[in-house]
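Numbered per the numbering used here, the sequence shown spans residues 179 to 749.
The beta carbon of each residue, even a glycine, is placed where N, CA and C say it ideally should be.
Keep in mind that this is a model prediction, so the values were computed, not measured.
So the structure is just underneath, and the comments pick up after that.
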Amino acid sequence: MKESYKPEIFDKALPHSIVNVQDEDAFRTARLLAREEGIFVGMSSGAAMVAAMEQAKKQKNSYVVAIFPDGGERYLSTPLFIRKETKENKEQQLCFYNTITRKKEAFKPLHQGKVSFYACGPTAFEPPNLSHCRRLVVADLMIRYLQFKGFEVASFMNFTDLDDNTIIGADKADEPLADFTDRHISLFREAINFLGINDFSGYPRASEYVADMIEIAHELIHKGYAYEKHGSVYFDISKFGKYGQLSGVDLSMIQVGHTVDLDNYEKGNPRDFTLLKRSTLGELKKGIFYETDWGNIRPGWHIECTAMSTRHLGETIDIHTGGQELLFPHHENEIAIAEALTGKPLANYWLHSGLLLKDGKKMSSEAGNAVTLQEVMDKGYGGREIRFMLLGVHYRKSMHFTYKKLDAIRKSLKRIDEFTRKLGCMHPGLPHPVIGSLVGELEDQFVTALDDDLNISGAIGALFGFIKKVNPILYAGSVNLEQKNKIFSLLRKMNRVFGFLRLEQCVLAPEINRLIEQREEARLRRDWETADKARTELLQKGIIVHDTANGPVWEQGEACKVCENAPRNDR
């Protein structure tokens with residue numbers, strides 16, 4: 179605003195004091211005057227009202243007169259008084275980047291208000307590493323935000339418990355296959371709980387759907403898309419004209435010996451992929467086989483996911499998700515099987531999360547650089563710290579893992595915790611004129627960011643911007659009970675998506691409240707010795723008291739022993 183006032187427009191020596199008002203505070207107060215009081219004024223008047231309210235806090239038993247120097251008419255051509263779009267109006271703005279169309283698209287489910295969601299889950303042969311965890315957390319973010327938007331979500335994530343890796347792993351561990359995979363699935367279920375991931379509607383296991391897979395193979399042979407050779411069944415990709423539509427792979431560029439499933443079987447074309455594999459001698463001895471018209475077989479990886487997803491969610495799913503590393507060949511092969519079978523798209527929206535990198539390479543057990551969740555836990559990092567880190571970058575971008583990044587995340591969470599603890603533990607004071615506008619602004623920014631292909635970093639940035647603006651107001655003790663509850667109400671709504679905020683409110687024991695009151699009474703009668711003694715006693719109990727123009731404001735320290743939400747280690 180200072181740019182609008184030329185030098186010498188007024189004598190700076192005349193006022194008793196000059197109040198500097200931020201432009202945003204002036205705008206918000208002008209809007210507040212129009213909305214709450216029906217007074218239609220401009221930005222300068224908004225600034226005058228902010229200054230008047232600040233002055234009123236310092237005075238007792240007296241009036242403050244605010245002179246409004248401008249009206250709101252000249253702002254009618256600006257966005258100052260335009261009502262922001264409501265949540266209902268924004269429902270249709272939710273969009274996702276669809277891998278198969280290579281563009282952002284407005285999300286429109288098959289059935290209004292309901293979403294079918296399938297996530298490619300882990301193979302149960304190794305403990306959860308951070309790469310697995312990122313895929314799980316991103317899928318959880320997607321489901322949480324769909325539910326936040328009011329959709330009813332039917333969500334399924336599979337466990338692959340019957341493939342080359344599980345069979346080889348069980349053999350090395352000298353365990354029955356079922357025991358080996360059960361043990362690893364239990365580890366993943368524990369990881370899901372530890373990372374604050376809400377339960378999916380179901381967790382199908384591949385071994386439970388072999389009959390469906392055999393039926394699919396029969397139907398594909400009947401339709402001419404598959405063939406049997408030496409006891410195994412293969413998908414003939416030359417018969418499926420749309421092969422490569424998801425990944426963009428050019429079949430002419432696939433070298434012989436680098437097939438689309440890397441299976442060591444005798445195919446009619448090395449680029450074809452396996453649907454059902456003839457069981458090996460070792461598998462037959464261990465009872466890992468299923469009797470069919472073609473002999474003893476076990477299913478291939480790609481047909482497993484197709485069978486499970488279509489069984490639970492129908493021929494066409496709204497959203498199919500997984501990591502970018504699954505794009506080719508796995509998801510490409512899933513599409514070929516399903517669309518050849520039904521003539522319909524397997525999924526309308528394909529969402530893929532970016533790779534997790536370590537030392538510049540994709541994190542995986544094959545690369546030898548996988549960091550397990552247990553390793554990170556053993557170093558003292560909690561579930562919400564790991565969750566926050568895995569959500570901190572847009573889900574489609576690659577993320578580089580370092581322990582320094584986790585340390586930075588810990589500091590960021592501490593900033594949020596200090597804010598929510600301060601807000602939860604402070605004694606309500608006088609209302610502040612801009613809190614309502616700030617809360618509305620945060621909600622708008624949160625929804626706008628996540629509607630745009632789940633821009634989680636934008637949503638988190640909006641939260642930190644809000645904290646930066648509100649912290650000085652809290653230190654001044656200028657939030658009343660209604661405003662405090664309004665902030666917490668919004669944070670709880672946001673945490674339905676974030677899943678990493680800690681939002682318990684403190685309730686002080688009566689004796690602590692009395693001690694705070696006694697200290698304030700001593701301070702007002704200038705009994706500094708008694709006041710200091712009370713402050714020391716409070717500090718020993720973890721309560722820090724700040725004196726403000728509106729009375730004492732207290733907050734919870736690191737060693738608080740009197741509040742329910744005292745700082746603690748994460749799960």
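DSSP places isoleucine 217 outside both helix and strand once states are collapsed to three, so it counts as coil.
By the criterion of a C-beta distance shorter than 6 Å, glycine 409 is surrounded in its chain by Arg456, Trp472 and Gly473, once the five residues flanking it on both sides are discounted. Residues of the same chain with a CB within less than 6 Å of the CB of methionine 320, apart from the 5 flanking positions on each side, do not exist. The beta carbon of valine 411 is closer than 6 Å to those of Ala395, Ala404, Leu453 and Leu454 in its chain, skipping five residues each way along the sequence. Runs of the alpha helix (DSSP H) lying entirely within the region 369–426 and spanning at least 4 residues, in chain order: 388–401.
For alanine 384, same chain residues with a beta-carbon under 6 Å away, outside a window of 5 residues either side, are Thr338, Asp339, Leu340 and Glu482 in chain order. Counting other Cβ atoms within 10 Å of its Cβ, arginine 713 reaches 16 or more and is therefore classed as buried.
Along the length of the region 609–664, whole alpha helix (DSSP H) runs at least 4 residues long occupy 613–629 and 634–653, reported in chain order. DSSP places serine 333 within a strand segment (E or B) once states are collapsed to three. Asparagine 673 is not bridged by DSSP to any residue. With a cut-off of 8 Å on Cβ pairs, the region 560–578 is in contact with the region 308–324, counting three or more such pairs. Taking the Cβ atoms as the reference, serine 531 lies roughly 5 Å from glycine 501, within the contact range of under 8 Å. Ranked by Cα distance from asparagine 336, the first of Lys420, Ile363, Ala700 and Arg312 is Ile363. Exposed is the label assigned to valine 243, since fewer than 16 other Cβ atoms lie within 10 Å of its Cβ.
In the DSSP annotation of this structure, the continuous segment of the alpha helix (DSSP H) that includes tryptophan 706 starts and ends at 706–718. Taking a contact as a CB-CB distance under 8 Å, the pair leucine 632 and tyrosine 323 counts as one, their CB atoms being some 6 Å apart. Residue Ile721 holds the alpha-carbon nearest to the alpha-carbon of glutamate 689 among Asn673, Val675, Thr580 and Ile721. Boundaries of the beta strand (DSSP E) around threonine 470: 468–470. Counting the other CB atoms within 10 Å of its CB gives proline 507 a total of 16 or more, which places it among the buried residues. Counting along the chain, lysine 455 sits inside the beta strand (DSSP E) bounded by residues 451–456. Per DSSP, the continuous alpha helix (DSSP H) segment holding arginine 322 begins and ends at 308–326. CA-CA distance, serine 416 to alanine 518, rounds to 12 Å.
Judged by DSSP secondary structure, arginine 476 falls within the beta strand (DSSP E) whose first and last residues are 473–477. One alpha carbon belongs to valine 657, the other to aspartate 725, and they sit about 15 Å apart. In the structure shown, the three-state DSSP call for aspartate 537 is coil. Look at cysteine 603 here: in three-state DSSP terms it is helix. Shown here, lysine 350 sits in a helix according to DSSP, grouped into three states. With a cutoff of 8 Å on beta-carbon distance, phenylalanine 334 and leucine 491 are scored as near each other. The distance from the Cβ of glycine 220 to that of alanine 229 is about 15 Å, inconsistent with a contact at the 8 Å cut-off. Contact check for glycine 328 against phenylalanine 678 fails: the beta carbons are separated by 8 Å or more.
When beta bridges are read from the DSSP output, threonine 338 appears opposite Thr301. Glycine 465 counts as exposed, since fewer than 16 other beta carbons sit within 10 angstroms of its beta carbon.
Between leucine 584 and glutamate 563, the beta carbon gap of about 6 Å places them in contact (Cβ cut-off 8 Å).
Threonine 520 and leucine 504 have their C-alpha atoms roughly 22 Å apart. Contact check between the region 615–635 and the region 588–599: fewer than three CB pairs, one atom from each, fall below 8 Å, which does not count as touching.
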